[in-house]
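Undergrad: Here it is, the structure, as structure tokens.
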Amino acid sequence: MQTLVVYYSRSGSTRTVATALAHGVGGTLRELVDANARTNLFLAAMAALFRRSARLVNPDYDVAGYETVVILTPAWVGNPAPAANTFLRTVNLTGKKVLIVALGESGENLATSSHLEQMARARGGQVIGVHHIHGLNSSGKAGPSATVEELEKAGQRLADVLQEPHNQED
Numbered sequence: 001m002q003t004l005v006v007y008y009s010r011s012g013s014t015r016t017v018a019t020a021l022a023h024g025v026g027g028t029l030r031e032l033v034d035a036n037a038r039t040n041l042f043l044a045a046m047a048a049l050f051r052r053s054a055r056l057v058n059p060d061y062d063v064a065g066y067e068t069v070v071i072l073t074p075a076w077v078g079n080p081a082p083a084a085n086t087f088l089r090t091v092n093l094t095g096k097k098v099l100i101v102a103l104g105e106s107g108e109n110l111a112t113s114s115h116l117e118q119m120a121r122a123r124g125g126q127v128i129g130v131h132h133i134h135g136l137n138s139s140g141k142a143g144p145s146a147t148v149e150e151l152e153k154a155g156q157r158l159a160d161v162l163q164e165p166h167n168q169e170d
């Protein structure tokens, strides 16, 4: 099973989970790099709130060589980061299994996951799961339930989920 792990990370939470997940499944890691560094938290939140897209540095939307695509994004004010919006508005996921992972300070965010799920399905993807993870807070420090070690373990657990037999069959 060839797996592509696509992620955007501003504070490092999503990168930590994505790296552990890719390592756990032997997958390819692809970072979405926003041309706008999103250092102004208010402007970043507004861009997410209005579901804006981002201009990506060296965008690569080719997923042809992969059976499964994992998309990881932070949840900002209840919405995906603009870089994730751009990827999901552009990529062709036809015939691909898609696992969605949203990280946020508050953990589960059904509005974010629902929106991501709709976007993936609109691009032809077969969503096999949606997961929520407590991430680091906006300053990059661990929240009450997120440490780097816990984020790595979350990535490893997601790798285990992907390797379960029911996810390898159509």
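Number 39 in UniProt numbering belongs to position 39 of the sequence shown; there are no gaps in the numbering.
Backbone N, C-alpha and C fix where the C-beta goes; we use that ideal spot for every residue, glycine too.
Being a predicted model, the structure only gives us computed values, none of them experimental.
1. How many angstroms separate the CA atom of Ser9 from the CA atom of Arg15?
2. Mark Asn92 as exposed unless 16 or more other C-beta atoms lie within 10 angstroms of its C-beta, in which case mark it buried.
3. Relative to the C-alpha of Ala102, which candidate in Ala18, Thr3, Gln2, Leu4 has its C-alpha closest?
4. So, are the CB atoms of Thr28 and Ala22 less than 9 Å apart?
5. From Gly24 to Ala45, what does the alpha carbon distance come to, in whole angstroms?
6. What first and last residue would you give for the alpha helix (DSSP H) that runs through Arg89?
7. If you follow the alpha helix (DSSP H) that Arg157 is in, where does it begin and where does it stop?
8. By Cβ distance below 7 Å, which residues in the same chain neighbour Gln156 in space, the five residues on each side in sequence not counted?
9. State the Cα-Cα distance for the pair Thr90 and Ile128, rounded to the nearest angstrom.
10. Quick one: Cα of Tyr7 to Cα of Gly78, how far?
11. Where Ala122 and Thr147 are concerned, what is the direct C-alpha to C-alpha distance, given to the nearest angstrom?
12. Helix, strand or coil for Ala24, going by three-state DSSP, please let me know.
13. Along the alpha helix (DSSP H) that carries Thr39, what are the first and last residues, could you check?
14. For Lys153, collect the residues of the same chain with a Cβ closer than 8 Å to its Cβ; drop the 5 residues on either side in sequence, then sort them by chain order.
15. DSSP three-state call for Arg30: helix, strand or coil?
16. Between His115 and Pro82, what straight-line distance do the alpha-carbon atoms span, to the nearest angstrom?
17. Tell me which same chain residues have a C-beta within less than 8 Å of the C-beta of Gly26, skipping the five on either side of it?
TA: Looking at the coordinates:
1. Their Cα atoms are separated by approximately 6 Å.
2. exposed
3. Ala18
4. yes
5. 32 Å
6. 82-90
7. 148-163
8. Ala20, Gly24
9. 20 Å
10. 17 Å
11. 34 Å
12. Sequence check: residue 24 is Gly here, not Ala. Of the three classes helix, strand and coil, the one that applies to Gly24 here is helix, per DSSP.
13. Run containing Thr39: none; DSSP gives neither H nor E here.
14. Shown here for Lys153: same chain residues with a beta carbon closer than 8 Å to its own, the five before and five after excluded, namely Ala20 in chain order.
15. Strand.
16. The alpha-carbon atoms of His115 and Pro82 are separated by roughly 13 Å.
17. Only Thr3 meet the Cβ criterion.
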